[in-house]
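In this note's numbering, the protein residues as written are 8 to 177.
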């Protein structure tokens, strides 16, 4: 049995189409996908490099002011104590609260303020002592740190005394 030219032509066409399809799906398509991923990674890297370049230029501008920053830091080191005792203060507040039968709900340490000597009579002259001043304490060498403490206690009443607020004894 002999196959005709047309059948051989059809077989050749099918085989050629299969080779082309296999070449596309097994060769070209994965390479094109890899190239698209590489292009995306390149775009991401360029974008990241541009962001880093902006940060570098900002840091270079700030480096020019480094001496000013260092002088300001030296000024602040004189004004701010080297060892902050906030943890000890909070611990003593917790001890005091436990001894008084109250619970501390919040403690807020505000930004430091420059010292200003008290003037005149206290707001509550009956219970508050007269303010003491010292000429060595000035706004240049002393800062005030405002502290707000929120407490909660079941049935606790407070009686006023010159030294502060104490639970009332009944």
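Just so you know, even glycine gets a beta-carbon here, dropped at the ideal spot from N, CA and C.
In this text the structure is predicted, and so the values were computed from the model without any measurement.
For residue 14, the enclosing alpha helix (DSSP H) begins and ends at 12-30. The straight-line gap separating the alpha-carbon atoms of residue 76 and residue 117 is approximately 24 Å.
Assigned with DSSP and collapsed to three states, residue 65 falls in helix. Put simply, of 17, 124, 119, 73 the residue whose alpha carbon is nearest the alpha carbon of residue 93 is 119. Annotation: residue 116 is outside any alpha helix (DSSP H); the continuous beta strand (DSSP E) that includes it extends over 110-116. Inter-segment contact for the region 104-116 and the region 141-156 is present: three or more beta-carbon pairs are separated by less than 8 Å. Taking 8 Å as the upper bound for CB-CB distance, residue 61 and residue 112 are not in contact here, some 44 Å apart. In the three-state reduction of the DSSP assignment, residue 154 falls in the strand class. Of all alpha-carbon atoms in 147, 141, 96, the one lying nearest the alpha-carbon of residue 156 is that of 96. Annotated three-state conformation of residue 72 is coil, per DSSP. DSSP places residue 78 within a helical segment (H, G or I) once states are collapsed to three. In the DSSP secondary-structure assignment, residue 120 is bridged to 151.
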